[in-house]
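Numbering-wise, numbering that gives the first Met the number 0 puts 52 at position 53 of the sequence shown, and it's gapless, one number per residue. Even glycine gets a Cβ: it sits at the ideal position worked out from N, Cα and C. As the structure is a prediction and not an experimental result, all values here were calculated from the model. Below is one structure, written out as structure tokens; comments come after it.
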Amino acid sequence: MTPDEMKRLAAEAALEHVQGGIIGVGTGSTVNHFIDLLAGVKHRIDGAVSSSEASSARLRAHGIEVFELNDVGDLDLYVDGADESNRQLHLIKGGGGALTREKIVAAASRRFVCIADESKLVEVLGAFPLPVEVIPMARSYVARQMVALGGTPRWRESFVTDNGNHILDVHGLEILRPTELEQQINNIAGVVTVGIFALRPADLLILGTPEGTRVVEP
Ligand code: 5RP
């Protein structure tokens, strides 16, 4: 079974958590499967709040109404993918560059269901380069702070986030204490969002595997 087929299995299983109302929808290839499947049950929901322009366009193409988070208040459910998850469901996110809006929608949601293929579950976060969204003028400054933390930052050139910012991908970090590192990087001037989701982890991880889906709870 291919990773993409495993992603689709996880997305299918997440549909069971859709009870109605307005659904928080993340970004990425796994979520694209979820959006396509959500279209089949769109009569059951009022619409979606999206974490990126790309997901908004895909939702609208399926005839699913996209709401502004400011207009709808807190959400019951947020469904999103991840680049890595540990067993506590602390995540690395932002491979697609949508980490800031993803973190906002996750924070505003009562339940965060993460969907991924089984390769995303790891013992220790950090093999996947950690995305950090920065204000453009702070890019070099933040990069030096990442070096001081033991990482090797690389500027994701030719990429601008939906918020008009830049991304540093920080290689070589072994993230043993995700909540502490999340707070530490959050406190650096010029950082908009760090791609560690540990202060607000996922509540449930659905993994697609060749044998079917597997659910991990912290
Ligand atoms: C985008 C993300 C995605 O959830 C993450 O990159 C996983 O993507 P995919 O589902 O394509 O593997 O954080 O910013």
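#### Entry: Cα-Cα separation between residue 64 and residue 203, rounded to whole angstroms
26 Å
### Task
Drop a sphere of 10 angstroms on the beta-carbon of residue 159, count the other beta-carbons inside from all chains shown, and report buried for 16 or more, exposed for fewer.
exposed
### Task
Grab me the residues of residue 43's own chain with a C-beta within less than 6 Å of its C-beta, minus the 5 sequence neighbours each way, in chain order.
19
#### Entry: Identified DSSP bridge partners for residue 77
23 and 111
### Message
Suppose you measure from the CA of residue 86 to the CA of residue 30; what does that come to, to the nearest Å?
### Response
21 Å
### Query
Distance, Cα to Cα, residue 8 vs residue 178?
30 Å
### Cβ-based burial, residue 100 [other Cβ within 10 Å; buried from 16]
buried
### Message
Between 132, 12 and 90, which has its C-alpha nearest residue 120's C-alpha?
### Response
90
### Query
Over what stretch of residues does the alpha helix (DSSP H) that includes residue 55 continue unbroken?
52-60
### Query
For residue 68 versus residue 103, is the C-beta spacing smaller than 8 Å?
yes
### Distance, residue 27 Cα to residue 3 Cα
12 Å
### Query
Excluding five sequence neighbours on each side, which residues of the same chain lie with their C-beta closer than 7 Å to the C-beta of residue 59?
65
### Message
Closer than 7 Å to a non-hydrogen atom of the ligand 5RP - does that hold for the CB of residue 97?
### Response
yes
### residue 169 to residue 197 span [Cα, whole Å]
17 Å
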